[in-house]
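Below: one structure, written as structure tokens.
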Amino acid sequence: MNGTVAFLGLGNMGGPMAANLVKAGAVVRGFDPVPDALAKAGRGGVLATTGAAAAARDADVIITMLPGGRHVLDCYAELVSRARPGTLFLDCSTIDVADARAAAALATEAGHLAVDAPVSGGVVGAAAATLTFMVGGETAAFTAAEPLLRAMGARVVHCGSSGAGQAAKICNNLILGVSMIAVSEAFVLGERLGLTHQALFDVASAASGQCWALTTNCPVPGPVPASPANRDYAGGFAAGLMLKDLGLAASAAAAQGVRTPLGRAAADLFAAFVERDGPGRDFSAIITAIREGAL
Ligand code: NAD
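Counting from 0, one number per residue, gives the positions in the sequence shown under numbering that gives the first Met the number 0.
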């Protein structure tokens, strides 16, 4: 892959994603204010720089993988007037749909290309380059972004215009948050009714209760050996990130005047769980609080 990429935000996701671009042949100049993150990315071949502006100088593409919308908007505000005309701004962070559209507008009004391309697949997918990208932006911007996304992921879906990638991400995670709570409640009820985990799994996984929360990320140990429940909920998709995404879904729903009572309830339950358990364990650990009657 030809060209120079500026990569801003080299944390759990951005670090391995940037390293995969290096493997694909790109020159990657990176920046992260956390020295450890910068040093770790350096071991993956990312060239460390002293700031976002230094990383972005003469870059063909500026990729952001940042904690939230404020960070992305601040970066774009700093960089759109410094970047070469026609630079591709590619934001992979999970942020509010309205912030994604505002960031893209900043870039396109300054003569650049812009896409929002949030991901699913977590840190394992980031390292293995098996992420799914959900992309929002005009066709020319999507076409420019696609080879980079294919170097970092296994699946790339063009969802529509600016903000559509973020919309797809939060709608998907609204389903996921609600379905994980439903699967967890069913297992706890089954336990009290004398059902083994395996019996409920064998029935529901081949019946109308089938869903990813059950068959891939099963919240009880045993039926799906690779699920985080088998290692005390370490790794996986952190409950704090699920809470963030349910909050983004709730604020998008409020902005659109859409009532999402189950989504709101799921956000409240994950907020209570994170308050009690911390943000770090896999979100399927919510079953432990449901079992204890703590929510
Ligand atoms: P992280 O906190 O590990 O990394 C974010 C990095 O951004 C940090 O290292 C931070 O120092 C850096 N940063 C902050 N401000 C910056 C700036 N101005 N310039 C450069 N770097 C800056 O978070 P993460 O887990 O890598 O997640 C990044 C994004 O991906 C988030 O929006 C998250 O919601 C999303 N996401 C994460 C996962 C996951 O499993 N971790 C999965 C899907 C989506």
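C-beta atoms are modelled at their ideal positions from N, C-alpha and C, and glycine is treated no differently.
In its chain, beyond the 5 residues on either side, 173, 176, 177, 245, 248, 249 and 252 have a beta carbon closer than 8 Å to the beta carbon of residue 262. Residue 12 and residue 150 do not touch by the CB rule: their CB atoms are close to 15 Å apart, not below 8 Å. When DSSP states are grouped into helix, strand and coil, residue 65 belongs to the coil group.
Closer than 8 Å to some heavy atom of ligand 1: that describes the Cβ of residue 70. When C-alpha distances from residue 66 are compared across 201, 272, 274 and 10, the shortest belongs to 10. Taking the Cα of residue 282 as reference, the smallest distance to any Cα among 290, 258, 218 and 197 is reached at 218. A check of alpha carbon separations from residue 105 across 71, 92 and 124 identifies 71 as the nearest. Within the same chain, and ignoring the five residues on either side of residue 3 in sequence, the residues whose Cβ sits closer than 7 Å to its Cβ are 26, 28, 57, 58 and 59.
By the C-beta criterion, the region 148 to 168 is judged not to be in contact with the region 42 to 52, since fewer than 3 inter-stretch pairs fall below 8 Å. Looking at the backbone, the Cα of residue 80 and that of residue 197 are separated by about 58 Å.
Per DSSP, residue 98 is one residue of the alpha helix (DSSP H) stretching across 96 to 108. With a cut-off of 8 Å on Cβ pairs, the region 31 to 41 is not in contact with the region 92 to 107, counting fewer than three such pairs. In the three-state scheme derived from DSSP, where H, G and I count as helix and E and B as strand, residue 210 is classed as coil. The residues 289, in chain order, have a CB closer than 8 Å to that of residue 184 in the same chain once the five nearest residues on each side in sequence are set aside. DSSP places residue 186 in the uninterrupted alpha helix (DSSP H) bounded by 163 to 191. Approximately 4 Å separates the beta-carbon atoms of residue 55 and residue 5; this is inside 8 Å, confirming the contact. In the three-state reduction of the DSSP assignment, residue 91 falls in the coil class. The C-alpha of residue 107 lies about 34 Å from the C-alpha of residue 266.
Excluding five sequence positions before and after residue 153, the CB atoms of its chain that fall closer than 6 Å to its own CB belong to 129, given in chain order. Shown here for residue 50: same chain residues with a beta carbon closer than 7 Å to its own, the five before and five after excluded, namely 30 in chain order. Boundaries of the alpha helix (DSSP H) around residue 245: 238 to 255. Looking at 243, 259 and 274, the one whose alpha-carbon comes closest to that of residue 168 is 243. At least one heavy atom of ligand 1 lies closer than 8 Å to the C-beta of residue 119. With fewer than 16 neighbouring CB atoms inside 10 Å of its own CB, residue 84 falls in the exposed class. DSSP places residue 294 outside any beta strand (DSSP E), giving it a letter other than H or E. Remark: the shortest separation between the CB of residue 92 and any heavy atom of ligand 1 falls under 8 Å.
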